[in-house]
Amino acid sequence: MTRRCPRCYHELPEDVAWVCPSCGYTLRTPAVSKVGVAILLLALILVGAYVAGPQALIPKNGWIPDDIVDLTVANFVWLTLGAILLGMLLTAAGAFVIRSEQTRGPA
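Every letter in the sequence shown is one number past the one before it in the working numbering, and letter 40, counting from 1, is 21.
Structural data, given as structure tokens:
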């Protein structure tokens, strides 16, 4: 059975993996974009934790060394911004993969 594009119902060649050659529909999302979105969701949770106050959320009961807890609280803004930037970078990398396949066009 041949594969067809869900948008235009054009028969897809065997070597097509990302983009339909006739209409440009994105057939699959790259794994790097999925990881980027997951990291962005983690960053959203970190922003919520920053608003709530990281001192109240990170336990200081002995099973995490106090130096690590203090370092995490002191650099929580950089941790959050780093997660946001990493998520954006990975999502953009996946978008560039799709974009390069769209501009390649039919063979």
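Every residue gets a Cβ at the ideal spot worked out from N, C-alpha and C, and that includes glycine. Keep in mind the model is a prediction, meaning the values are calculated, not measured.
Query, Result
"Spatial neighbours of residue 75 within its chain, please: C-beta separation below 6 Å, excluding the five flanking residues on both sides.", "11, 13, 14"
"Return yes when the Cβ of residue 83 is within less than 7 Å of the Cβ of residue 54, no when it is not.", "no"
"Below 7 Å CB to CB, which residues in the same chain sit around residue 38 once its five sequence neighbours on both sides are set aside?", "30"
"Candidates 3, 48, 81, -1: which alpha carbon is nearest residue 9's?", "-1"
"With DSSP as the reference, identify every bridge partner of residue -15, one or two as the case may be.", "-8"
"I believe residue 61 touches residue 32 by the beta-carbon criterion, under 8 Å. Please report the beta-carbon distance rounded to the nearest angstrom.", "Between residue 32 and residue 61 the Cβ distance is about 10 Å, and since that is not below 8 Å, they are no contact."
"I need the boundaries of the alpha helix (DSSP H) containing residue 59, first residue and last residue.", "57 to 85"
"Tell me, to the nearest whole angstrom, how far the beta carbon of residue 71 is from that of residue 5; I am working on the premise that it is less than 8 Å.", "Rounded, the Cβ-Cβ distance is 23 Å, inconsistent with contact."
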